[in-house]
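For the sequence shown, the tail end lands on 93 under the working numbering, and the numbers increase by one without skipping.
Even glycine gets a Cβ: it sits at the ideal position worked out from N, Cα and C.
Take a look at the structure below.
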Amino acid sequence: SIKIKTYKKKNRCIIEEIDTKIDISKQDQEHILKDFTEPKKSRAREKGGMGLGLSIAYNIVKLHKGTIKVDNKNIEKGTRMIVKLPIK
């Protein structure tokens with residue numbers, strides 16, 4: 006399952022997405038936001054994905070002066086992506 010949580014913290018909009026089915030290894034986390042990169046256990050790999058989804062998201066967030074990262078702390082299984090965007 007996928008859970009999405011949004012909230013405001015100081016002058017930032019925070020978006021957390023947790024996918025409880027896919028674990029991304031520490032090694033894959035270092036490269037996952039680059040073009041044509043997918044984690045080894047990716048669902049997209051099974052369906053013919055090209056590894057561009059997260060890289061496109063990363064570039065859009067960066068254009069808006071935000072950040073995106075993988076943070077698996079405090080979750081038992083799966084992967085948490087955290088997007089932080091400035092609020093004007």
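Cβ pair residue i, residue j closer than 7 Å
{"i": "T11", "j": "G83", "result": "no"}
{"i": "I37", "j": "K89", "result": "no"}
Distance, residue j Cα to residue i Cα
{"i": "E22", "j": "K15", "result": "20 Å"}
{"i": "D76", "j": "R85", "result": "5 Å"}
{"i": "N64", "j": "K13", "result": "22 Å"}
{"i": "K74", "j": "I27", "result": "15 Å"}
{"i": "I29", "j": "K93", "result": "33 Å"}
{"i": "G71", "j": "I87", "result": "10 Å"}
{"i": "I9", "j": "L68", "result": "22 Å"}
{"i": "P182", "j": "R17", "result": "In the structure as shown, the chain starts at 6 and stops at 93, and residue 182 therefore has no counterpart that could be examined."}
Three-way DSSP call (helix, strand, coil) for residue i in this model
{"i": "K82", "result": "coil"}
{"i": "K15", "result": "coil"}
{"i": "K2", "result": "The first residue shown for the chain is 6 and the last is 93, placing residue 2 beyond what the model contains."}
{"i": "K74", "result": "strand"}
{"i": "K31", "result": "helix"}
Segment limits, alpha helix (DSSP H) that includes residue i
{"i": "I61", "result": "58–68"}
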